[in-house]
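Engineer: All residue numbers for the sequence shown refer to the numbering used here, where the first residue is 336 and numbers rise by one.
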Amino acid sequence: MEGEIQQVRSPASIFIPAGLQHTYKYVSGSGTYTNIVLAPEYNASLEMTKPLAPAFVTS
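Below you can see the structure in the form of structure tokens.
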């Protein structure tokens, strides 16, 4: 989030405040990603004003 990298183990819940740039990636194994959004204009919030930097760097 906002340039930070967090590695989370399952099971987990993550709260991401509105307006915070973020992304996710499965590092290993498998799982389910469930996105719950309470904002009525969620789709409009997805409009990107600038490209996002990669969340994870692989070598």
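Beta carbons: idealized from backbone N, C-alpha and C, even for Gly.
Rounding to the nearest angstrom, what Cα-Cα distance links A379 and E339 in this structure?
Structural biologist: Distance between the alpha carbons of A379 and E339: 25 Å.
Engineer: So within the segment 345-374, which uninterrupted alpha helix (DSSP H) runs reach at least 4 residues, ignoring any that extend past its ends?
Structural biologist: List check, alpha helix (DSSP H) in window: nothing returned.
Engineer: Between V343 and I349, how many whole angstroms is the CB-CB distance? I'm expecting something under 8 Å.
Structural biologist: That pair is a contact at about 6 Å.
Engineer: Since Q356 contacts E376 with CB under 8 Å, what's their CB separation in whole angstroms?
Structural biologist: Contact doesn't hold; Cβ gap of about 17 Å is too wide.
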